[in-house]
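Peer 1: Submitted below is the structure of interest, expressed as structure tokens.
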Amino acid sequence: MKISRFRTAATVVATAALSVTVTPAAAAHDAPPGVLSSDGVEVTGDWDGDGVDSAGWFNFETGEWRLRNENTSGEADLEFTYGGPWEGGYPIVGDWNNDGTDTIGLVRGNNWLLRNTNNTGTANLDFFYGNGEFEEGFKVVGDWDGDGDDTPGLVRGNNWLLRNTNNTGTANLDFTYGDPVDGVRIAGDWDGDGDDTPGLVRINNWLLRNSNTTGDAEVDFDYGNGFPSHWPLPGDWDGNGSDTAGVAEPRNVTIAWFFRNENSTGPGTIAFNFM
Ligand SMILES: [Ca+2]
Ligand SMILES: [Ca+2]
Ligand SMILES: [Ca+2]
Ligand SMILES: [Ca+2]
36 MKISRFRTAA TVVATAALSV TVTPAAAAHD APPGVLSSDG VEVTGDWDGD GVDSAGWFNF
96 ETGEWRLRNE NTSGEADLEF TYGGPWEGGY PIVGDWNNDG TDTIGLVRGN NWLLRNTNNT
156 GTANLDFFYG NGEFEEGFKV VGDWDGDGDD TPGLVRGNNW LLRNTNNTGT ANLDFTYGDP
216 VDGVRIAGDW DGDGDDTPGL VRINNWLLRN SNTTGDAEVD FDYGNGFPSH WPLPGDWDGN
276 GSDTAGVAEP RNVTIAWFFR NENSTGPGTI AFNFM
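Below, the structure is given as structure tokens:
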């Protein structure tokens, strides 16, 4: 639920999606990191505050967001623009104000522009976190301290730098997890205790840790087919308080979503198409 995915050409390697790789074509319109060509980004979050995370999609070329409230095939329940055409930015979603609903945000360089409602408008929160225009850290979002609000994180190599408030400042938590060059960085509440903690997905191997401290993975399983056919998107699909594995598979005119309600190897139990 706290990670977004670029629906990109297969030419983008996994590591490129994790670091700022501004190509000449992308630089022309400030495309999100790692994107060579793309028409959208997948996200998951609880748009209606019912406790269940569901699918969403952001088109960074037009600023259009499409969010769906049910994990079934169908049209968007919410459709609006946030971030104008070609303004770009790295899309993130989270519950910035602890009202139970996940909403949208964009990160441009180190400028975090968060909005508390899922509709067109300007940023309700506008602050800086990271090192300037060329911050290379992979953006993650989560409730690191379990107080109910989601706040920023940056992962530089294997260094996780997490902040507990949505305002300008430095990291409150600083630890290492994973290898310097590693899989896709994710975050979620794997054990349902209220705090979000790190995860790594290496190809299709999910390695989850339950505390925001240096150490090894506590949960280790395989799910999905790995990048680039599947992109990991964790979330709470059954509303029981714990985040579990999901993947999105971009197809020609839609995206196939496969969610599982346990962090273990096995088939997806929820499957649908939405874009
Ligand atoms: Ca909220
Ligand atoms: Ca928090
Ligand atoms: Ca937790
Ligand atoms: Ca769950």
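Quick note, the sequence shown lines up with residues 36 to 310 if you use this note's numbering. Cβ atoms here follow ideal geometry from the backbone N, Cα and C, with glycine treated the same way.
Roughly how many whole angstroms lie between the Cα atoms of F210 and I139?
Peer 2: 27 Å
Peer 1: Per DSSP, what kind of secondary structure is G124 in: helix, strand or coil?
Peer 2: Note: G124 maps to coil in three-state DSSP.
Peer 1: Have a look at E122, T97, D130, F294 and flag the residue whose alpha-carbon is nearest the alpha-carbon of R143.
Peer 2: Distance check between R143 and each of E122, T97, D130, F294 places E122 closest, using alpha-carbon atoms only.
Peer 1: If we count the other Cβ atoms within 10 Å of its Cβ and call it buried at 16 or more, is T232 buried or exposed?
Peer 2: buried
Peer 1: Among G98, D255, G91, whose alpha-carbon lies nearest the alpha-carbon of T107?
Peer 2: Closest by alpha carbon: G91.
Peer 1: Between L235, N296, N202, which lies nearest to G192 when the distance is taken from Cα to Cα?
Peer 2: L235
Peer 1: Collect the residues with a C-beta less than 5 Å away from any heavy atom of ligand 5 and give them in sequence order along the chain.
Peer 2: For ligand 5, the structure offers nothing, since it holds only ligand 1, ligand 2, ligand 3 and ligand 4.
Peer 1: Taking 8 Å as the threshold (C-beta atoms), are E105 and S89 in contact?
Peer 2: yes
Peer 1: Flag this pair as touching only if the stretch 253-271 and the stretch 187-207 have three or more C-beta atom pairs under 8 Å; answer yes or no.
Peer 2: With the cut-off at 8 Å, the stretch 253-271 and the stretch 187-207 do not touch.
Peer 1: If you reduce the DSSP assignment to three classes, tell me which class W218 lands in.
Peer 2: Before going on, a small fix: residue 218 reads as Gly here, not Trp. Correct three-state label for G218: coil.
Peer 1: Are the beta-carbon atoms belonging to Y164 and R220 less than 8 Å from one another?
Peer 2: no
Peer 1: Relative to the C-alpha of D137, which residue among G109, N245, L113, M310 is closest?
Peer 2: L113
Peer 1: Just reading off the beta strand (DSSP E) that S89 is part of, what are its end residues?
Peer 2: 89-94
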